[in-house]
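**Q** UniProt numbering numbers the first residue of the sequence shown as 1 and each following residue consecutively. The C-beta atom is built at its ideal place from N, Cα and C for all residues, glycine as well. Just so you know, these numbers come straight off a predicted model, no measurement behind them. Dropping the structure in here first, questions after.
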Amino acid sequence: MLVIKQFPIHKCGHEKNPISANECLFSLIQRSEEHYFLATQDQDLTERTRLLANVPILFIKMNAIILEQPAAEAKDKAIESQQRFHHVDSHQFKTLKKLKKIESLDKPAHIKRKRKGPKGPNPLSCKKKKTIASNKASSSSSNVKSEKQNDKKKRTRTKRIPNHIKRMFQKI
Numbered sequence: 001m002l003v004i005k006q007f008p009i010h011k012c013g014h015e016k017n018p019i020s021a022n023e024c025l026f027s028l029i030q031r032s033e034e035h036y037f038l039a040t041q042d043q044d045l046t047e048r049t050r051l052l053a054n055v056p057i058l059f060i061k062m063n064a065i066i067l068e069q070p071a072a073e074a075k076d077k078a079i080e081s082q083q084r085f086h087h088v089d090s091h092q093f094k095t096l097k098k099l100k101k102i103e104s105l106d107k108p109a110h111i112k113r114k115r116k117g118p119k120g121p122n123p124l125s126c127k128k129k130k131t132i133a134s135n136k137a138s139s140s141s142s143n144v145k146s147e148k149q150n151d152k153k154k155r156t157r158t159k160r161i162p163n164h165i166k167r168m169f170q171k172i
């Protein structure tokens, strides 16, 4: 009920002289300015509305609501209206060609693409170049110094002794 309350109520105009529900629905569909969908189980009404080109018909099969395929006439009318909408007169076509020539749009625009230069190797994957020592005599003395510096830099790691083991050694 909440879904139904969202939609507006349309007056059919048959209040003064009442007619059957099928006739009322058919008259609403014929003057369909709002383009109604028809969902009914009445076979007579569905047959009459199939003759109208612009009315989609819904029906229930098992637990599914199915939209019926439009008639071939309706498909033809839709194709015709699309062609009329997209069709260009010969006069309009000529004026379009003239405008294209004036604006020089008849030739495709050439966009120059910037050429990419050669790519080098990944610097992170390359080895560093070795430096050649110019003075081999001075290099032997520098080797001795560098060994001493390496000794200073080298750190001996001590194993951390857990507290409970330290307490055991203190007792002994």
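Just list the residues that DSSP pairs Lys11 with in beta bridges.
**A** Its beta-bridge partners do not exist; DSSP assigns none.
**Q** What number of angstroms, rounded off, separates the C-alpha of Ser20 from the C-alpha of His87?
**A** Distance between the alpha carbons of Ser20 and His87 is about 44 angstroms.
**Q** If you run the structure through DSSP and keep just helix, strand and coil, what is Ile4?
**A** Looking at Ile4 - three-state DSSP - the assignment turns out to be helix.
**Q** From residue 173 to Tyr36, what does the alpha carbon distance come to, in whole angstroms?
**A** Outside the displayed range of the chain (1 to 172) lies residue 173, so it cannot be described from this structure.
**Q** Helix, strand or coil for Ile66, going by three-state DSSP, please let me know.
**A** Three-state DSSP puts Ile66 in a strand.
**Q** Does the stretch 110–128 touch the stretch 89–97, meaning 3 or more C-beta pairs lie closer than 8 angstroms?
**A** No, the stretch 89–97 does not touch the stretch 110–128.
**Q** Is Leu58 helix, strand or coil by DSSP?
**A** Note: Leu58 maps to strand in three-state DSSP.
**Q** In whole angstroms, what separates the C-alpha of Ile57 from that of Lys11?
**A** Each residue's Cα considered, the two are about 21 angstroms apart.
**Q** Beta-carbon within less than 6 angstroms of Lys77's beta-carbon, same chain only, minus the 5 sequence neighbours each way: which residues are those?
**A** Ala53, listed in sequence order.
**Q** Measure the alpha-carbon distance for Ile79 versus Ala71 and round it to whole angstroms.
**A** Each residue's Cα considered, the two are about 13 angstroms apart.
**Q** Please report the Cβ distance between Pro49 and Ile29, rounded to the nearest whole angstrom; I am assuming they are in contact, meaning their Cβ atoms lie under 8 angstroms.
**A** It should be noted that the sequence gives Thr, not Pro, for residue 49. Confirmed, about 6 angstroms.
**Q** Name the DSSP bridge partner or partners of Ala39?
**A** The partner list for Ala39 (beta bridge, DSSP) reads Leu58.
**Q** Measure how close the beta-carbons of Asp42 and Asn63 come, nearest whole angstrom, since I'm counting them as under 8 angstroms.
**A** Between Asn63 and Asp42 the Cβ distance is about 20 angstroms, and since that is not below 8 angstroms, they are no contact.
**Q** Leaving aside the five residues before and after Lys128 along the sequence, list all residues of the same chain whose C-beta is less than 7 angstroms from its C-beta, in chain order.
**A** Closer than 7 angstroms at Cβ, skipping near neighbours: no residue.
**Q** Does the distance from the C-beta atom of Leu38 to that of Val55 stay below 8 angstroms?
**A** The answer is yes: Cβ separation under 8 angstroms.
**Q** Can you tell me whether Ile29 is helix, strand or coil according to DSSP?
**A** It is helical.
**Q** Considering just the uninterrupted stretch of the alpha helix (DSSP H) at Asp76, what are its terminal residues?
**A** Ala72 to His86 is the extent of the alpha helix (DSSP H) around Asp76.
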